[in-house]
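Chemist:
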Amino acid sequence: MLRATRVLFSANPLVSKTFNSAAVLHRSSPADTVKPAELFGSAKKAVLIGVPGAFTPGCSKTHVPGYLKHYDALKSKGVDLIGCVSVNDAFVMDAWGKDLKVGDKVTMLADPQGSFVKELGLDFDASAALGGHRSKRFALVLENGKITKAFVEPNNTGLSVSLAENLLKEL
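Every letter in the sequence shown is one number past the one before it in this note's numbering, and letter 91, counting from 1, is 91.
1) For the beta strand (DSSP E) that contains serine 86, what are its first and last residues?
2) Going by DSSP in three states, glutamate 143 sits in which element: helix, strand or coil?
3) Among all the DSSP beta bridges, which residues are the ones paired with glycine 50?
4) Between which two residues does the beta strand (DSSP E) harbouring leucine 109 extend?
5) So who's on the other strand from valine 64, going by DSSP bridges?
6) Using the Cα positions of proline 68 and serine 60, report the straight-line distance between them to the nearest angstrom.
7) Hey, is the segment 86-100 in contact with the segment 150-165, meaning 3+ C-beta pairs nearer than 8 Å?
8) Look up threonine 18 in the DSSP assignment and give the residues it is bridged to.
9) Between glutamine 113 and proline 30, what straight-line distance do the alpha-carbon atoms span, to the nearest angstrom?
10) Is the beta carbon of aspartate 94 less than 7 Å from the beta carbon of serine 28?
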């Protein structure tokens, strides 16, 4: 499994990119906006996880909780910021963060139209299950705003390469 993870990020066209997007993400409300380049560019080392949907089982029971569970280990590896983005509105992401008790450990980010994940090529058509285009499940490692590693689930929604446990092995 680990070998496949290495192939995924070494061959991934996202590696070495910076967020130059005009997209704006929302935090606690539509008025509380942030540009990805500013947020992640200000961190020496950051992790951004993408999830298909707030309150969905895999995202709520495994993916985000894994990053909370391994928060201290991630910090010890130099991670200053952990963000979580989903194609949802700010109110849903804020409520989900409160439900998961992320506190200040994970910055919940709404991408209401999916423009940010689409620009990264990390969106997919989830109309059958979630009603429209959504974010693939992924984990990106950024250093000084530049993507250095990308872990994208091969089937868009799986729970393998983007899990905190796997990411920790690569930091």
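We put the beta carbon where it would ideally sit given N, CA and C, even for glycine.
Modeler: From the atom records:
1) 81-86
2) strand
3) Val85, Phe138
4) 107-110
5) Beta-bridge pairing links valine 64 to no other residue.
6) Contrary to the premise, residue 68 reads as leucine rather than proline in this sequence. Roughly 11 Å separates the two Cα atoms.
7) no
8) Lys146
9) 12 Å
10) yes
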